[in-house]
Structures are given as C-alpha cells and as structure tokens.
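A.B. asks:
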Amino acid sequence: MAERAGRESAKGACESGAGVLVVRDARVLTMKPGGVDGAGALRGEKMRELGVLPRGDVVIDRGSGMIVEVRAHADAARIPAGAEVLEARGRVLMPGFVDCHTHACWAGSRIDEWEMKLAGRTYQEIMAGGGGIMSTVRAVRAEDEGALVDALLGRLEVMLACGTTTVEVKSGYGLDEATELKMLHAILSARGRFAGTVSPTALLGHAIDAGHLGGRDAFVRDTVARTLPQALRVLHEGGIEPTVDAFCEQGAWTVEECVRLFEAARTLNPHTRVRVHADQFNSLGMVREAVRLGAVSVDHLEASSEADLVALAQSRTFAVILPCCGFHLDGRFANGRTLVDHGAAVSVASNFNPGSAPCASMGMAIALAVRHCGLTAAEAICATTRNAAALMGFADRGFVAPGARADLVLLRHTDERALAYEFGGNPVERVIVNGRVAN
Ligand code: NIG
Numbered sequence: 033m034a035e036r037a038g039r040e041s042a043k044g045a046c047e048s049g050a051g052v053l054v055v056r057d058a059r060v061l062t063m064k065p066g067g068v069d070g071a072g073a074l075r076g077e078k079m080r081e082l083g084v085l086p087r088g089d090v091v092i093d094r095g096s097g098m099i100v101e102v103r104a105h106a107d108a109a110r111i112p113a114g115a116e117v118l119e120a121r122g123r124v125l126m127p128g129f130v131d132c133h134t135h136a137c138w139a140g141s142r143i144d145e146w147e148m149k150l151a152g153r154t155y156q157e158i159m160a161g162g163g164g165i166m167s168t169v170r171a172v173r174a175e176d177e178g179a180l181v182d183a184l185l186g187r188l189e190v191m192l193a194c195g196t197t198t199v200e201v202k203s204g205y206g207l208d209e210a211t212e213l214k215m216l217h218a219i220l221s222a223r224g225r226f227a228g229t230v231s232p233t234a235l236l237g238h239a240i241d242a243g244h245l246g247g248r249d250a251f252v253r254d255t256v257a258r259t260l261p262q263a264l265r266v267l268h269e270g271g272i273e274p275t276v277d278a279f280c281e282q283g284a285w286t287v288e289e290c291v292r293l294f295e296a297a298r299t300l301n302p303h304t305r306v307r308v309h310a311d312q313f314n315s316l317g318m319v320r321e322a323v324r325l326g327a328v329s330v331d332h333l334e335a336s337s338e339a340d341l342v343a344l345a346q347s348r349t350f351a352v353i354l355p356c357c358g359f360h361l362d363g364r365f366a367n368g369r370t371l372v373d374h375g376a377a378v379s380v381a382s383n384f385n386p387g388s389a390p391c392a393s394m395g396m397a398i399a400l401a402v403r404h405c406g407l408t409a410a411e412a413i414c415a416t417t418r419n420a421a422a423l424m425g426f427a428d429r430g431f432v433a434p435g436a437r438a439d440l441v442l443l444r445h446t447d448e449r450a451l452a453y454e455f456g457g458n459p460v461e462r463v464i465v466n467g468r469v470a471n
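Structure below.
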C-alpha cells in the first residue's frame, strides 16, 4: 500500500520533473540476471550475471527515495524539466554496498597490539593474555554512550564515502549487561542520525569475561539469563527484529555455549535471527550446528574443512567471508571458490573492527576476496550488494530496478572489474542514498 502510494507520488513528481534525479548514460549493474524474479540471494553461476544494461538511464524520485524507472539511454528530450541530472558518461552505476558484518562501534585503540603482532605474537596469544577483544571491552566500558555514537557516526561517514549505504553493526564489546545495552543504544542512536541504513546485531557471545564474578560458567549463565532478554527488549523497543551473534572459537565461546545462547534467544523470541562467527582459527563443529539450527549466516570460515563448506553451501545458511582479516592477521582466507562452486549463498563483508580488520572499505574487501578467496570480480560484487542485502533481510535493495530504494554508487570506472583490480584508493565517484546525492 505504502509502496503503491510512493509510486503514485513518484509518478507525479516524474511528470513535472520536480524532485527527480536522473543518472544518465551509465553502465548499470542491475543485479537482476535473466530468469530471476524479485529479491533474494544469487547462487552459483547466477552470481556472475550482473544484469548489465550497457547504456542506461536511472530515474529516481527523491521524495520517496525510490528508483522509478531503469531504461535504455535516451536523448535529453526525455528528461523532465526541473530534474537534477547526473551525467555518468559510461561509468558504472550499481547498488550501494551492503556491509553485512562489522564491529564499527568501538572505543580505544589497538595499534600497540598490532605492533606486538608485527613483532611475532598471534591474535590468539594476545587474546589469551587479556588483550584483543577484552582490551576493546575495557575501553568501551569506560566510554560514555554519546562518545560511542560520535565515533560510530564518524566511521559510518567514511564507509559511506567508500560507497557503503547499508551497514550491520554488532555490539559485543560490552559483555556485561550494562555495557551491551549501552552499545545497542549507541548503535540505535547512530542509526537515527545516519543517512544510510544501520542494522544492529546483539553480539552477546563475543568473548569470555575472565573477570566475571563466579567464573566462566556464571558469565555464560548471566549472559543467557540476564543480558540476552534485556538486549532483545532494547532491540524490540527500537523496532528491530533481533539478530543474535556469537564467536565460537578456542578461548571464546564453545559450540555448546553458542547453542545455549541461540536456543534461549529463539525461546524468548521465535523470530530471532541467529548468526555466528565460526572456524576463524579452529574448526570446532559450529558450521554443522549452525546449519542444523537454521542460522542466517556463518561468518569467517578460514579454517573450515571442504566437507563443512559443502554442507554449508547446500543449506539455506549464508556463508560470509571476511578477507580483510586474513590480510591484517595471518594470510589465511576462506575458500570462496568452493563455496560458490557448490552453490552457497555467499556474502563478503569488511568486518570493520579495531583488532582483526581495521578497514572501512568494501572496495578493499572485494580486491582481497578476488585475490585470496578465489571469487571473480562479478561474484564479489554480487556478494557485497544483492546477496548481503538478502542476508540482512532487505528485499528493497541490492539491485537496481523500479521500486527499489535508490541507494546507488557511481564508480570512477567504466569497467566494474576495476573494483577488484585497483586497491588502496576509493573507486567511488558519487554515492546516492535514499534518492539523494550524498557527496
Ligand atoms: O570478526 N573474531 C571475532 N570478532 C572480530 C574481531 C574483533 C576484535 O578483534 O576486536 C572478527 O574478526
């Protein structure tokens, strides 16, 4: 109904030209391959079909923030008087990036730890010594909510400038009830102030708080019994369908503890979406459990066996690969080729965080996924747009079509493969968010 009303008012606006933005003569990656209707993840060879319109015009209603027409490039006479025109001159126009795995809400710095790592200590050794995630936990506990919001907004602006228009942001640097709730409030507050879209995730099982009174078992019990219901309440009050996440790893949460957390979340709210960090360093059996539980995604997968990757590929659970991690930590990468070849719903994300991936750029994640995870440039583009949107439950973005939200990036390039080929710079010329040019 609302969409129809939006379309009607958009039609009126388009006839007059007021409030209309036309991106002209672009190489449009519609992400709508032939034979595929609607939204949803693409798998297998469909991931390589970008639905290219070689010379197209995209008409946007700025009032509703929606795309109203995608058509073959036409002469200027078809542009209504009063419309704003963005001349693409053959450059690539594609959906804004959807970054489906970030820890962009943090305080403090891990640069000293990074230097320790350069001197030979591993991520897990630093974590076992009380640093790593716990050092960011201490910094976040000491920070007030407003400062967390400001820091997050600053990072979101950098991400937006690099073409990311939808961002998942996890909590997880609080661990105790008060700080997890502070993080979720901060993420919700940034969500209300950001031009793009922020989607919060309650990462309640991120680490084990060794300082918790009563020890490990009491910490896990308190997280499940006390923090979890409060976190679900905060998300519910923010109008968010909850997503709960955990880090299943030696030194972090066990498979059994993750399953307890997820089952409790589902008992409290059957609509809870479950995601899990698994097989980053060690394969503990969480991939199969996640599939059994019908998790939305398993993220990382650097240490997964071929058999587990195939099992994941044959399930409904998304595989999220995070190549900035291997680049920053230890040169180990998920085998994206196996995943795509076996038909997985694959997404690629930045994993923006202070410990394993201090990187805001999806262009960089694409460049790395192609070099180290075996994806083609086209597959990586699909994984960072349409598939990531589907993972996050958005049916209105990740593709370029009438009725879609006008979150778009105009690249500096006329060949989308340059997204993977070049690295270290910003491939994005212009970003359009909800129908407005943002830069
Ligand atoms: O996905 N591995 C667990 N969580 C993050 C890292 C967080 C951190 O080191 O602060 C990740 O890589």
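Here my numbering runs 32 ahead of the position in the sequence shown, where the first position is 1. All C-beta atoms, glycine included, are put in the ideal place defined by N, C-alpha and C.
1. Count the CB pairs spanning the region 424 to 437 and the region 68 to 88 that are closer than 8 Å, and state whether there are at least three.
2. Can you have a look at residue 175 and say buried or exposed, based on whether 16 or more other CB atoms are within 10 angstroms of its CB?
3. From the DSSP output, which residues share a beta bridge with residue 202?
4. Given this structure, state the Cα-to-Cα distance separating residue 407 from residue 75, to the nearest angstrom.
5. Determine the contact status of residue 195 and residue 128, defining contact as a CB-CB distance below 9 Å.
6. Quick check on DSSP: helix, strand or coil for residue 270?
7. Pull up the distance between the alpha-carbon of residue 276 and that of residue 130, whole angstroms please.
8. The alpha helix (DSSP H) that contains residue 460, what's its start and end?
9. Does any CB atom of chain D fall closer than 9 Å to the CB of residue 328?
10. For the region 162 to 169 and the region 385 to 395, state whether three or more C-beta atom pairs, one from each stretch, are separated by less than 8 Å.
11. State the DSSP-derived secondary structure class of residue 319, mapped to helix, strand or coil.
12. With a threshold of 8 Å on Cβ separation, who are the neighbours of residue 456 within its own chain once the five nearest residues in sequence on each side are excluded?
13. Which of the three DSSP states is assigned to residue 166 in this structure?
14. Decide yes or no for the touch test of the region 452 to 466 against the region 352 to 368: beta carbon pairs closer than 8 Å, at least 3 of them.
15. Where does residue 52 sit, in a helix, a strand or coil, going by DSSP?
16. Quick check on residue 167: buried or exposed, where buried means 16 or more other Cβ atoms within 10 Å of its Cβ?
17. Is residue 146 near the ligand COA, going by C-beta to nearest heavy atom under 8 Å?
18. Taking C-alpha atoms, which residue in 210, 311, 198 and 118 lies nearest to residue 258?
19. If you draw a straight line from the alpha carbon of residue 264 to that of residue 87, how long is it in whole angstroms?
20. Measuring from the CB of residue 281, is there a heavy atom of the ligand NIG at a distance below 8 Å?
21. Closer than 8 Å: is that where the CB of residue 385 sits relative to any heavy atom of the ligand NIG?
22. To which residues of the same chain is residue 284 closer than 6 Å at the C-beta, ignoring the five residues directly before and after it?
23. For residue 173 and residue 137, I'd like the C-alpha separation in whole angstroms.
24. Rounded to the nearest angstrom, what separates residue 179 and residue 170 at their Cα positions?
25. Roughly how many whole angstroms lie between the Cα atoms of residue 370 and residue 220?
26. Just curious, the alpha helix (DSSP H) that residue 217 is in, first and last residue?
27. At what residues does the beta strand (DSSP E) containing residue 305 begin and finish?
C.D. replies: On the basis of the supplied data:
1. yes
2. For the purposes of this step, residue 175 is identified with residue 143 of the sequence shown, where counting begins at 1. Classification of residue 175: buried, given that the 10 Å Cβ count is 16 or more.
3. Here residue 202 refers to the residue found at position 170 of the sequence shown. BP columns for residue 202 point to 233.
4. Position 375 of the sequence shown, counted from the first residue, corresponds to residue 407. Position 43 of the sequence shown, counted from the first residue, corresponds to residue 75. Approximately 13 Å, taken between the alpha carbons.
5. If you number the sequence shown from 1, residue 195 lands on position 163. If you number the sequence shown from 1, residue 128 lands on position 96. Contact: yes.
6. The residue labelled residue 270 in the question sits at position 238 within the sequence shown. Looking at residue 270 - three-state DSSP - the assignment turns out to be coil, as it is neither helix nor strand.
7. Translated into the one-based positions of the sequence shown, residue 276 becomes position 244. Translated into the one-based positions of the sequence shown, residue 130 becomes position 98. Distance between the alpha carbons of residue 276 and residue 130: 19 Å.
8. One-based indexing of the sequence shown puts residue 460 at position 428. Element bounds for residue 460: not the alpha helix (DSSP H) but the beta strand (DSSP E), 460 to 465.
9. This model lacks chain D altogether; it includes just one protein chain.
10. yes
11. By 1-based counting over the sequence shown, the position of residue 319 is 287. Helix.
12. As a first step, residue 456 is located in the sequence shown; it is residue number 424 there, counting from the start. Result list for residue 456: 396, in chain order.
13. As a first step, residue 166 is located in the sequence shown; it is residue number 134 there, counting from the start. In the structure shown, residue 166 sits in a helix (DSSP, three-state: H, G or I).
14. no
15. Sequence index remark: in the sequence shown, residue 52 carries index 20 (1-based). In this structure, residue 52 counts as strand in the three-state DSSP scheme.
16. Residue 167 sits at position 135 when you count from the first residue of the sequence shown. With 16 or more Cβ atoms within 10 Å of its Cβ, residue 167 is classed as buried.
17. This structure lacks the ligand COA; the ligands present are the ligand NIG.
18. Working through the sequence shown from its first residue, we reach residue 258 at position 226. Of the candidates 210, 311, 198 and 118, the one whose C-alpha sits nearest the C-alpha of residue 258 is 210.
19. Position 232 of the sequence shown, counting from 1, holds the residue named residue 264. Position 55 of the sequence shown, counting from 1, holds the residue named residue 87. The alpha-carbon atoms of residue 264 and residue 87 are separated by roughly 46 Å.
20. Within the sequence shown, the letter at position 249 stands for residue 281. At least one heavy atom of the ligand NIG is nearer than 8 Å to the Cβ of residue 281, so yes.
21. Here the question's residue 385 lines up with position 353 in the sequence shown. Residue 385: yes, Cβ under 8 Å from the ligand NIG.
22. Position 252 of the sequence shown holds residue 284. Once the five neighbours on either side are set aside, the close Cβ partners of residue 284 are 239.
23. Position 141 of the sequence shown holds residue 173. Position 105 of the sequence shown holds residue 137. One C-alpha to the other measures close to 12 Å.
24. Along the sequence shown, one-based indexing puts residue 179 at 147. Along the sequence shown, one-based indexing puts residue 170 at 138. If you take the alpha carbons of residue 179 and residue 170, they lie about 15 Å apart.
25. Counted from its first residue, the sequence shown places residue 370 at position 338. Counted from its first residue, the sequence shown places residue 220 at position 188. Their Cα atoms are separated by approximately 37 Å.
26. Within the sequence shown, the letter at position 185 stands for residue 217. Residues 209 to 225.
27. In the sequence shown, the residue the question calls residue 305 occupies position 273. Run containing residue 305: 305 to 310, per the beta strand (DSSP E) assignment.
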